[in-house]
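Below is one structure; the comments refer to it alone.
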Amino acid sequence: MTNEYVAQDNHRPPVGNLTDFVYGVTDDSPFKVEVAINDDGRVILFHNKVFKNDLSWLEFDLETNKLDFILDGGMVRDFGMPLDKSVSKHMHNAHQILAVLLDEETGDAKEGHYIPLILHRD
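Numbered according to this note's numbering, the sequence shown spans residues 1 to 122.
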């Protein structure tokens, strides 16, 4: 069970869009993010671009089912990745998400690390 989101560079100045904070986004090489659940019910975030700043934490809104990225220094990126309810139900028990950088040519995992997850409910 996965959710995938592809963000394109729309040739606009940096205004907080997540694509402004990763390296190498072009029309031919978009930023791809996929959230998956493994067999143990753990949440994994796959991405194909390196972030310019470290991810400090992720925030998930239980009402809107949207995942936000918080970069080093507490800057919220205007991303709000909507997740399917079948994926978002696993967020309730998650305290962290494994973020895995994928090699764009091979699709193999290059590196991974855990990022804290904060849940919000209005």
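By construction, the Cβ of each residue, glycine as well, lies at the ideal position given by its N, Cα and C atoms.
Buried or exposed for residue 118, going by 16 or more other Cβ atoms inside 10 Å?
exposed
Quick one: complete beta strand (DSSP E) runs, 3+ long, within the segment 57–108?
66–71 and 96–102
Among residues of its own chain, excluding the 5 on either side of residue 21, which ones have a beta-carbon nearer than 7 Å to its beta-carbon?
51, 52, 53, 71 and 77
Considering only the alpha carbon of each residue, which of 59, 23 and 105 lies closest to residue 94?
59
If you draw a straight line from the alpha carbon of residue 36 to that of residue 43, how long is it in whole angstroms?
6 Å
Please work out which residues of its chain come closer than 6 Å, Cβ to Cβ, to residue 61, disregarding the five sequence neighbours upstream and downstream, and give them in chain order.
Result list for residue 61: 120, in chain order.
Could you give the residue range of the beta strand (DSSP E) that holds residue 21?
Looking at the DSSP string, residue 21 is not in any beta strand (DSSP E), and its letter there is neither H nor E.
Exposure of residue 88, with buried meaning 16 or more beta-carbon neighbours within 10 Å
buried
Please state whether DSSP places residue 9 in a helix, a strand or coil.
The predicted position of residue 9 is uncertain, since its pLDDT is 46 and thus under 50; a value taken from the coordinates is nonetheless stated next. Looking at residue 9 - three-state DSSP - the assignment turns out to be coil, as it is neither helix nor strand.
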